[in-house]
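In what follows, a structure is listed as structure tokens, so that the remarks can point back to it.
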Amino acid sequence: MRVQALATAAVLALTAAACSEQKSAPAAGESAAPVLTGRAAVYAAGEKDAEAFVRALYARAAEAKDTPDPAEATITPGRDPLYSRTMNALIGVDDREAKRKKSAPRLNYDPICACQDAEAFALRSVNMTPESPQAATAEVVFANHGQDHRQTLKLLKEGPMWRIADVIDDKGKSLHDDLMAIAEKAPG
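0 is the number of the first residue of the sequence shown in numbering that gives the first Met the number 0; add one for each residue after it.
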């Protein structure tokens, strides 16, 4: 009997909460939820849909780098939530091979802007092609340093988030394939 009373009270409380009036705007002393920037914005967009993820990636490239992104400091090669598991494995091998050979890794730039530093960066267009519920292709045109660039992003949805599975430049060169060639030659 006691369990039924508690269950009934819980159902009534939930029903009342669901039917209550919408929340009003925050009072003068209260603040609204902070606007997400940097990687936090990209992670949130990655949980929405593929196009939102792509647009957030390029918005991040366009952001001023005045203050460091706290999430950026925790990223190590091969452990970046923006990339698929396979790409992370390949990036990790690239980094380990570069350290072993005491040379620069193949991926020593930001593949989103195809640059070391973005300047006067602007996203011009995004054309999405869904391939399945878990895969999509984004044809992207952006400007950097006053020049237009084209890229193709191959995207995969792993878990709740969209991730980059490959970046193909305007000459058709695949980052995935370049990194795979390094991994295939690596010892062990």
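From the three backbone atoms N, C-alpha and C, an ideal C-beta is built for every residue, glycine too. Here the structure is a predicted model, which is why all the values come from computation and not from measurement.
Query, Result
"Within its chain, find whatever has a CB closer than 6 Å to the CB of residue 173; leave out the 5 residues flanking it on each side and keep chain order.", "165 and 167"
"Where does residue 231 fall in DSSP's three states?", "Absent from the model: residue 231. The displayed extent of the chain is 0 to 187, so no value can be given."
"Look at the alpha carbon of residue 149 and the alpha carbon of residue 170, and state the distance between them as a whole number of angstroms.", "9 Å"
"Between residue 178 and residue 96, what straight-line distance do the alpha-carbon atoms span, to the nearest angstrom?", "11 Å"
"By Cβ distance below 8 Å, which residues in the same chain neighbour residue 100 in space, the five residues on each side in sequence not counted?", "none"
"With distances taken Cα to Cα, identify the nearest neighbour of residue 135 among 145, 142 and 160.", "160"
"Can you tell me which of the three DSSP states residue 66 falls into?", "coil"
"Helix, strand or coil for residue 90 per DSSP?", "helix"
"Look up residue 112 in the DSSP assignment and give the residues it is bridged to.", "DSSP, once it has assigned bridges, lists no residue as partnering residue 112."
"Just curious, the beta strand (DSSP E) that residue 50 is in, first and last residue?", "Element bounds for residue 50: not the beta strand (DSSP E) but the alpha helix (DSSP H), 49–61."
"Measure how close the beta-carbons of residue 79 and residue 87 come, nearest whole angstrom, since I'm counting them as under 8 Å.", "6 Å"
"Looking at the structure shown, is residue 101 part of a helix, part of a strand, or coil, going by DSSP?", "coil"
"Beta strand (DSSP E) containing residue 166: first to last residue?", "160–167"
"Please return the same chain residues whose Cβ sits closer than 6 Å to the Cβ of residue 118, not counting the five positions on each side in sequence.", "144"
"What span of residues does the alpha helix (DSSP H) with residue 184 cover, start to end?", "174–184"
"With a threshold of 16 other CB atoms inside 10 Å of the CB of residue 155, please say whether the residue is buried or exposed.", "buried"
"Would you grab the beta carbon distance between residue 44 and residue 61 for me? Rounded to a whole angstrom, and I think it's under 8 Å.", "14 Å between Cβ atoms; not a contact."
"Round the Cβ separation of residue 113 and residue 127 to the nearest angstrom and send it over; I've been treating them as touching at under 8 Å.", "Contact doesn't hold; Cβ gap of about 20 Å is too wide."
"Grab me the residues of residue 50's own chain with a C-beta within less than 6 Å of its C-beta, minus the 5 sequence neighbours each way, in chain order.", "127"
"Take residue 82 and list the residues in its own chain whose beta-carbon comes closer than 7 Å to its own, dropping the five residues that flank it on each side.", "90, 162 and 163"
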